[in-house]
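2 protein chains.
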Amino acid sequence: MKLINRIEQALTTLSKSEKKVAEQVLLDPQKAYQSSIATLAKASSVSEPTVNRFCRTMQCKGFPDFKLQLAQSLVAGTPYFTGSVGLEDSTEEFTNKLFDATLMSINDTRKTIDLNLINRVVDTLAQAKKILIYGLGSSGAVAIDAENRFFRLGTPTIVYDDVLKQRMAAAAAQTGDVLLIYSYTGRTIPIIEAAQMARDSGATIIGITCNQSPLANICHLVINVSNDREDTDIYTPMTSRIVHLTITDILATGVMLKRGPAFQQHLKRIKESLKQTRMPKA
Amino acid sequence: MKLINRIEQALTTLSKSEKKVAEQVLLDPQKAYQSSIATLAKASSVSEPTVNRFCRTMQCKGFPDFKLQLAQSLVAGTPYFTGSVGLEDSTEEFTNKLFDATLMSINDTRKTIDLNLINRVVDTLAQAKKILIYGLGSSGAVAIDAENRFFRLGTPTIVYDDVLKQRMAAAAAQTGDVLLIYSYTGRTIPIIEAAQMARDSGATIIGITCNQSPLANICHLVINVSNDREDTDIYTPMTSRIVHLTITDILATGVMLKRGPAFQQHLKRIKESLKQTRMPKA
DNA sequence: CATTTTATTGTAAGTTTCTTTCACTAAAAT
DNA sequence: ATTTTAGTGAAAGAAACTTACAATAAAATG
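Top to bottom, those sequences are chains P and C. Read in order, the letters of the first sequence are residues 1 to 282 in the working numbering. Read in order, the letters of the second sequence are residues 1001 to 1282 in the working numbering.
Written out as structure tokens, the structure reads:
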């Protein structure tokens, strides 16, 4: 956890003087990491050793280390997850929490993403005869979004967000077809069944789902988006949606780049096709 | 620009000894900001004052300030926008660019979001007799996603991603109905027309779109998501999608919180309704 | 080419900042 | 009431950083 959050959490357990320091730090963290220990001690009306002890309580090696960690935890744009949204939250609070949770999950994905895997998935998609995109529930919206990105790339692309159509299309799938399946849990039975049917039909199955899930076991390639973070039960559906979209962007961009320079014309034509539906700019 | 980049850039212009320091820092920046000036001086085979002067050359107040800035510039997940995706990009490069662009746009939104406006929109949605959600193209997927979030909140919610249905529903709208319209540009003619029709019917129009667009003029309330950043033409459709989703999260969460504690049971029942579609965890 | 000037670097001293020690006080336990 | 424990700050000590200055090297000038 980030230092600034550790301080917030520790507030209740700290001794009287150390609490003064903590409050002073939280009051203006930017100022705190720019001060010397003497300045901070004075501002908090405690002695310098108390500040030093406070730093150690906060699991820092000393005051300089404390300043460093504090500075890091305050970098603009770095989320500092403040826990779950609660009924008592003000608009500002829950908004911040949602932004933080979103940023965190994107960062987590970035850290854990396997570029070799991405390459293989992009290759597979680029060579597909047909791309079938599957999703149910909120993943249905993600699937539709993915179709919107992929159909521009020259390969026939269809999205199915309906259980029955998914089964039928899976049964009709052929070798060379690629199934792109979005599922947060990887445990939704209808999707798992459809995936198995498509695999039996000879299609290549790509899952954007949780590793070590029943669905993952059926897939040829799995992009893992498990959410290991504690305390995120409330956020999971929200943030994983966005993570799935980001992964879609990466895959679609990867395929696009594979198509080479000539393909840019094709994309341009697609873009221009919309011109007449738009009102001109003032 | 971030310190670490400034150092990279300055490499050519530095004096012999200062260059040694710079190289040492770039070799292992993590280590550098944890070292004392003496340690770093020794590692770079220069004197302490040289290190100090190097820090000043890098526009820091002194060595401690240098360490602080260096530490900040190395925080994981801090975007440092590396420009547009190009045909020559490696997987790693374009992946990083996409992540950066996404993080940046979320951060931008966070900075500019107007909480009072959010409050008003949440109030409006919470009091709606019926919520109609409109979107076309990629915004269609966003609209479908929004429906998925809002229909749980007790208000009848319908999504229309079809031009004709949008017009018909707009004509049939009534006072007390709320239209939630997603559009990146705010210039898509069919959506503008439908919005005008709904407004004429007495519905309240909320736009998640670009300020100062024709659509925005028709709306009662506009959440602005214009993309001011240069060089983002390629990213805009990708990132604004995600920004729209984030805003949806905020609005849906806001309405949910407005419903109060008793409502949590209702949400729990919705969640449990899915249980039997899931395979149990190992 | 010699000489001056300027820029670069390190030594040593000085200053600030941080840490440790230890004594004192207040609270808790016996 | 007494002992123990935890908490605190003054003062000394240690470490880290900065400054001043001298020495050297490089560049510019005559």
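Glycine included, every Cβ here is placed at the ideal spot set by N, Cα and C.
P:T185 sits in coil when the DSSP states are folded into three classes, being neither helix nor strand. Fully enclosed alpha helix (DSSP H) runs of no fewer than 4 residues occupy 1263-1272 of the stretch 1250-1275 of chain C, in order along the chain. Of all residues in the stretch 88-108 of chain P, those with a C-beta nearer than 7 Å to a C-beta of chain C are D89, T91, E92, F94, T95, L98, F99, T102, L103, I106 and N107, reading in chain order. Residues of the same chain with a CB within less than 8 Å of the CB of P:M238, apart from the 5 flanking positions on each side, are L98, A101 and T102 in chain order. In the DSSP assignment, P:V159 is bridged to P:I133. Classified as buried, C:K1067 has 16 or more neighbouring CB atoms from the shown chains inside 10 Å of its CB. Secondary structure of P:I7 (DSSP, three-state): helix. P:T175 places its beta carbon 8 Å or farther from that of P:G154. Beta-bridge pairing by DSSP links C:G1207 to C:I1181 and C:V1222.
The straight-line gap separating the alpha-carbon atoms of P:L245 and P:G86 is approximately 27 Å. Between C:I1242 and P:I242 a beta carbon distance of about 6 Å is seen, short of the 8 Å cut, so the two are scored as contacting.
In the DSSP secondary-structure assignment, P:R278 is bridged to C:T1188. One thing to note: P:A195 has its Cβ no nearer than 8 Å to the Cβ of P:I208.
Each residue's CA atom was taken as its position, placing C:A1038 and C:C1060 some 18 Å apart. Taking a C-beta distance under 8 Å as the contact criterion, C:Q1024 and C:S1047 do not qualify as a contact pair. Restricted to the stretch 1045-1111 of chain C, the alpha helix (DSSP H) segments that are unbroken, complete and at least 4 residues in length are 1048-1057 and 1063-1073, listed in chain order. Contact between the stretch 127-142 of chain P and the stretch 262-274 of chain P is absent: fewer than three C-beta pairs spanning the two stretches fall below 8 Å.
Just measuring C-alpha positions, the residue of P:P29, P:S90, P:S73 and P:M1 sitting nearest C:M1256 is P:S90.
Straight through space, the alpha carbons of P:E147 and P:S36 are spaced by roughly 56 Å.
Each residue's CA atom was taken as its position, placing P:K271 and P:I7 some 50 Å apart. The three-state reading of DSSP puts P:M197 in helix, counting H, G and I together. For C:N1119, a Cβ of chain P is located within less than 8 Å of the residue's own Cβ. Leaving aside the five residues that flank C:I1004 on each side, the residues in its chain whose CB is nearer than 8 Å to its CB run, in chain order, L1026, P1029, L1070, S1073 and L1074. P:A128 and C:T1012 have their C-alpha atoms some 48 Å from each other. CA-to-CA, the gap between P:I192 and C:S1213 works out to about 44 Å. Pairing P:F54 with C:T1253 gives a Cβ-Cβ distance that is not under 8 Å. About 6 Å separates the beta carbons of P:L180 and P:I131, which is inside the 8 Å limit, making them a contact pair. Among the residues of chain P, those whose CB is under 8 Å from the CB of C:N1148 are G137, S138, G140 and A141, following chain order. Taken atom to atom, the span from the alpha-carbon of P:A41 to that of P:V21 is near 7 Å. Around P:A171, the same chain offers M197 and S201 as residues with beta carbons nearer than 7 Å, after the five sequence neighbours per side are excluded. Counting other Cβ atoms within 10 Å of its Cβ, P:M1 stays below 16 and is therefore classed as exposed. Here C:S1036 carries a coil assignment [DSSP, helix/strand/coil]. With a threshold of 8 Å between beta carbons, C:D1145 makes contact with chain P.
Under the 8 Å criterion on CB atoms, P:I242 is classed as interfacial with respect to chain C. Per DSSP, C:Q1127 is one residue of the alpha helix (DSSP H) stretching across L1115 to Q1127. Around P:S240, the same chain offers S105, Y184, V225 and N227 as residues with beta carbons nearer than 8 Å, after the five sequence neighbours per side are excluded.
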